[in-house]
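Chemist: Below: one structure in C-alpha cells.
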Amino acid sequence: MSLIIDKLKDDDKNLSPEFLKDNENLLKEFLKEFYRQIIRIENYKEFENILIEWMKDFFIKKNKTFKMILKLMKNHEEKENWFSSIIGFFYEYNIDDDDDDNKNQYQSLDFYLLSINNEKKLISLYQVLNIIIGKFLLSLHYYKNIILNKRNSFIKEFGNLKNGHVTSQIQFENFDGLEINLRKDEIITIEKYFESLDKDFNDKDHNQIEYSKNKELIELNNLGYSYQYGIGNEKNGYKAFECYLKSSERGNSSAQNNLGYCYQNGIGIEKDEKKAFKCYLKAANEGDLYAQYNLGICYQNGIGTNKNNEKAFECYFKSAEEEYTFAQYRLGNCYRNGIGITKDINKAFRCYTKAAEGGNLNTQTNMGFYYKFGIGIEKDITKAIYWFSRAAENGEKVAQYNLGEFYEDGIGVEKDLVKAFELYKESAKNGYSDAKFQLGYCYINGIGTEINKKKGFELYNKAAGKNNLIDISLLYRNDEKISNDLDKVSFWYHKAAKNNKAALYKLGEFYELGKGVCKNNARAFVFYRQAAAKGDVNGKYKLGYCYEHGIGTHVDLKRAINLYKIAAKGGNSNARKRMQKGDFR
1 MSLIIDKLKD DDKNLSPEFL KDNENLLKEF LKEFYRQIIR IENYKEFENI
51 LIEWMKDFFI KKNKTFKMIL KLMKNHEEKE NWFSSIIGFF YEYNIDDDDD
101 DNKNQYQSLD FYLLSINNEK KLISLYQVLN IIIGKFLLSL HYYKNIILNK
151 RNSFIKEFGN LKNGHVTSQI QFENFDGLEI NLRKDEIITI EKYFESLDKD
201 FNDKDHNQIE YSKNKELIEL NNLGYSYQYG IGNEKNGYKA FECYLKSSER
251 GNSSAQNNLG YCYQNGIGIE KDEKKAFKCY LKAANEGDLY AQYNLGICYQ
301 NGIGTNKNNE KAFECYFKSA EEEYTFAQYR LGNCYRNGIG ITKDINKAFR
351 CYTKAAEGGN LNTQTNMGFY YKFGIGIEKD ITKAIYWFSR AAENGEKVAQ
401 YNLGEFYEDG IGVEKDLVKA FELYKESAKN GYSDAKFQLG YCYINGIGTE
451 INKKKGFELY NKAAGKNNLI DISLLYRNDE KISNDLDKVS FWYHKAAKNN
501 KAALYKLGEF YELGKGVCKN NARAFVFYRQ AAAKGDVNGK YKLGYCYEHG
551 IGTHVDLKRA INLYKIAAKG GNSNARKRMQ KGDFR
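The sequence shown: position 97 = 97 (full-length UniProt numbering), numbered continuously.
The following block contains the structure:
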C-alpha cells in the first residue's frame, strides 16, 4: 500500500496552489455527484459505461476534460483521503492517464483498498464519501471480474478488506446469490454534520486557527459520531455518549448539541428531555446552528421546557439564516400556519423554496404536492414534476411514487408505463407501502412489465407487513373481521386480482378516504371506473360522484347524471336520492 501513497505524493506538481484552490468546489461537487450516481446504478454489468458517460456530460457542462480532473485530484492535498477511490476508477478503466495501462489496472484495487483501510479519523464528509465509493467500486470490480469470471476465488480476494463493516445503514444487493455490502442511503445525515466543519476550516481569518487549537475536541466529537452511526466503527451508543460528554465538557458546541440529542433519544444514557433542552440551549448560545434548530423543536413541542411558539420561531429564524434547510422548512411552516408569527404565505413559500433548492428532500417532495394540488400556491403540474423529480433522483420514496403516477397517467409528461413501473419499484424498494401495493398491481395486470401474479401477491403481503406468500384463506374471509387497515387493503387487492368488481370498488373507497393508504383521488377514480365497467352499481354511483365533483378527473355533469340514472335503476339508494334532489350545476 505504501507504493500507492508514494505514487500519489510523487505525481505531477505543475498545478499551482492558487489554481487548485479555484477548482476546490468543482472537485467537491464532482465527488458528491459521483457518489449519487453510483447509488442509483442497477445495471451492474454496465456500471463503468454508465459512470463514464455521466462523467462526459458533467465535464462538458463544467468545460473540463478527464485529464484535467484526474490531474486536479492527484495534486489535491487531500488526494489520499478524498479522491483515492475515483483515481482508482480512472486507472482501472484507463481514463486519460499516460502511465502503463496494465500497471494502472492492477493498482486500481490498491486505490480502492486505500480508501477503505485508511484508519485516519473522520473529520470530513468527503472522507466518508471516499470510503463509500471505494467499497462500492471494489464490490462491483469483484462482481464483474471475480463472480462472473472467477467465482471460486471471490471469498479469498474479498478477504483483503480489513473492515467488514465500514458505514452505517448498509443494505444488501444480491449478485448471483452472493451478497456484497453496498451503501444506498442518502448523504444528507452525514452532510449536514460535516458541512459546518468545512465552513470552519476554510475561514482564513480566524476559524482555521481555532480549528487547529480545538482539533483534539473535534476529533473526539467525530469519534462519538462514528460510534453513534456505525461509520468506521461498530455502533455503540454508550461510547458515543462518552465521547460527546468529554468533548462538550471542554467547550465543543457541536458535541454539546450531540449530547443533547443523546439525552433526548436515550442514546447511551437514560432519556432525559430536560437535560437535552439544557444541552441544546448551551450549544445554541455558543452559536451552533443545529442546536439552534433543535432548541426550536423543543420550544414548539414542549420538550424539556414549556411550549413557546414565539421562541421556537426565533430559533428557526436564526438557524435558517445560516442556510440550514431543515430550519428553513420549519420557518416556512411557522409563516404558513401563524406559529409564533403572523401568517404570511409569501414568506412561507420563499422559505420552502430556499430549503428545496438547498437539497432538502422532504421539502422538495412537499413542493411537488403544493404545485400538484395548488396548496397555498397556483397549481402548476410542470413545477410539481420538477420538484418530484429532484427528490426522486436522490431516493425520496414518496416523490418516486408520485412521479410514477405522472408517467403512468401521462400527465405533464409523455405516458411511459415502463418508466412508471421502474419508479414504483424504486419507491417500494425504499419501503413505501403504497408503492408496494401499486407495484403488485402492475405485476398482476402487466402494467409496464410482464404479468407475474406470484410477485404481485408477494408484494401485497409485504405492503401489509407480511413476508409470507399469499394466504389463500384471505380470499374467503369477510373484511369486517380484519382489524388492520393495511390487511384490509391487501385483502381487497388479492380479491381484485380475481377480477372481483366489489373488490375494485372497495379499493376505490380506500384511496378516496385515505384508509390504509395515502389519500389518492386519481387512483380512487381508476378503481371506481373499473368496478363500474364490470357492472358494479356502487362503482357506477361513485364514478358519477367523481364526475360531478371533479374527484380524480374533470367535471362532466352529463356523464355524472347518466351514471346516477344507471346506478339508481340498479338499486343504489344514494344514486336514487341524488337524482331526486336534482339541481345539477
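Note that beta-carbon positions come from the ideal geometry of N, C-alpha and C, so glycine has one too.
I'd like the span of the alpha helix (DSSP H) that includes C518, first residue to last.
Modeler: Neither: C518 is in no alpha helix (DSSP H) and is coded neither H nor E.
Chemist: Where does L245 sit, in a helix, a strand or coil, going by DSSP?
Modeler: Helix.
Chemist: Whole angstroms are fine: how far does the CA of F83 sit from the CA of N236?
Modeler: For N236 and F83, the distance between alpha carbons rounds to 29 Å.
Chemist: Rounded to whole angstroms, what is the Cα-Cα separation between K581 and G404?
Modeler: Approximately 40 Å, taken between the alpha carbons.
Chemist: Taking Y541 and A503 to be in contact with their CB atoms under 8 Å, please state how far apart those CB atoms are, rounded to whole angstroms.
Modeler: Their Cβ separation, rounded to whole angstroms, is 17 Å, which puts Y541 and A503 out of contact at 8 Å.
Chemist: Assuming F313 and C334 form a contact by the criterion Cβ under 8 Å, report the distance between their Cβ atoms to the nearest whole angstrom.
Modeler: Indeed, because the Cβ distance is near 5 Å, the residues count as touching under 8 Å.
Chemist: Could you work out which residue in Y299, Y290 and I561 is closest to I339 when comparing CA atoms only?
Modeler: Checking every option, the nearest Cα to that of I339 belongs to Y299.
Chemist: Return the Cβ separation of N294 and Y316 in integer angstroms, given the expectation that the two are a contact with Cβ distance under 8 Å.
Modeler: Actually they are not in contact, since the Cβ atoms of N294 and Y316 sit about 11 Å apart, beyond 8 Å.
Chemist: How about F406 and G448: are their beta carbons less than 8 Å apart?
Modeler: No, the pair does not count as a contact, with Cβ atoms beyond the cut-off.
Chemist: S473 to K462, Cα distance in whole Å?
Modeler: Confidence in S473 is poor, its pLDDT being 35 and thus under 50, which makes the residue's placement too unreliable to answer from.
Chemist: Report buried or exposed for S427, applying the criterion of at least 16 other Cβ atoms within 10 angstroms of its Cβ.
Modeler: Under this definition S427 is a buried residue.
Chemist: Am I right that Y258 and Y229 are in contact with their C-beta atoms under 8 Å? What's the rounded C-beta distance?
Modeler: Note that residue 258 corresponds to Asn in the displayed sequence, not to Tyr. Incorrect: roughly 11 Å between the Cβ atoms, too far for contact.
Chemist: Near G431, what residues of its chain come up, given a Cβ to Cβ distance below 7 Å and the 5 sequence neighbours on each side ignored?
Modeler: Hits under 7 Å: K397.
Chemist: Going by DSSP in three states, F584 sits in which element: helix, strand or coil?
Modeler: F584: coil per DSSP, three-state reduction.
Chemist: When we look at the beta-carbon of D57 and count the other beta-carbons within 10 Å, is it buried (16 or more) or exposed?
Modeler: Exposed: under 16 other Cβ atoms inside 10 Å.
Chemist: Distance, Cα to Cα, D272 vs K239?
Modeler: Approximately 18 Å, taken between the alpha carbons.
Chemist: Exposed or buried, which one is S573 when buried takes at least 16 other CB atoms within 10 Å?
Modeler: So S573 ends up on the exposed side.
Chemist: Using a Cβ-Cβ cutoff of less than 6 Å, which residues in the same chain neighbour Y93 once the five nearest sequence positions on both sides are dropped?
Modeler: Contacts found: E48.
Chemist: Less than 7 Å between C-beta atoms, sequence neighbours within five positions excluded: which residues of the same chain meet that for Y244?
Modeler: Excluding positions up to five away in sequence, the list reads N221, G224, A255, N258, L259 and C262.
Chemist: Residues in its own chain within less than 8 Å of V555 by CB, not counting five upstream and five downstream?
Modeler: Cβ neighbours of V555 beyond the five flanking positions: Y547, E548 and H549.
Chemist: For a quick check, are the C-beta atoms of T325 and N366 less than 8 Å apart?
Modeler: No, these two residues do not count as a Cβ contact at 8 Å.
Chemist: What residue from A575, I132, K79 and I52 has the CA that sits closest to E24's CA?
Modeler: Out of A575, I132, K79 and I52, K79 has the C-alpha closest to the C-alpha of E24.
Chemist: Can you give, in chain order, each stretch of the alpha helix (DSSP H) that sits fully within the stretch 285–353 and has at least 4 residues?
Modeler: If we require 4 residues or more, the alpha helix (DSSP H) runs fully inside the stretch 285–353 come out as 289–301, 309–321 and 325–337.
Chemist: Could you please give the first and the last residue of the uninterrupted alpha helix (DSSP H) stretch that includes K540?
Modeler: That run of the alpha helix (DSSP H) goes V537 to H549.
Chemist: Whole alpha helix (DSSP H) runs in the stretch 387–433 with 4 or more residues, listed along the chain?
Modeler: Listed in chain order, they are 397–409 and 417–429.
Chemist: How far does the alpha helix (DSSP H) with T363 in it extend, from its first residue to its last?
Modeler: Unbroken alpha helix (DSSP H) run through T363: L361 to F373.
Chemist: In angstroms, rounded to a whole number, what distance separates the CA positions of I297 and C351?
Modeler: When rounded, the distance between both Cα atoms is 17 Å.
Chemist: Give the straight-line distance between the Cα atoms of F527 and G508, rounded to the nearest whole angstrom.
Modeler: One C-alpha to the other measures close to 5 Å.
Chemist: Helix, strand or coil: how does DSSP classify R36 here?
Modeler: The answer is helix: DSSP assigns R36 an H, G or I state.
Chemist: To the nearest angstrom, how far is the alpha carbon of N301 from that of Y371?
Modeler: Straight-line Cα distance between these residues: approximately 29 Å.
Chemist: Let me know the secondary structure DSSP gives F233 once reduced to three states.
Modeler: Strictly speaking, residue 233 in this sequence is Asn, with Phe absent from that position. Here N233 sits in coil by DSSP.
Chemist: Going along the chain, which residues of its own chain have a beta-carbon closer than 6 Å to the beta-carbon of A284, five neighbours each way excluded?
Modeler: For A284, where only same-chain residues beyond five positions count, the Cβ hits under 6 Å are A291, Q292 and L295.
Chemist: How would you call V128, buried or exposed, if buried means at least 16 neighbouring beta carbons within 10 angstroms?
Modeler: Counting Cβ neighbours within 10 Å, V128 comes out buried, since at least 16 surround it.
Chemist: What's the call for F584, buried or exposed, on a 16-neighbour Cβ count within 10 Å?
Modeler: When all chains shown are included, F584 counts as exposed.
Chemist: At the level of alpha carbons, what is the spacing between E286 and N394?
Modeler: Straight-line Cα distance between these residues: approximately 33 Å.
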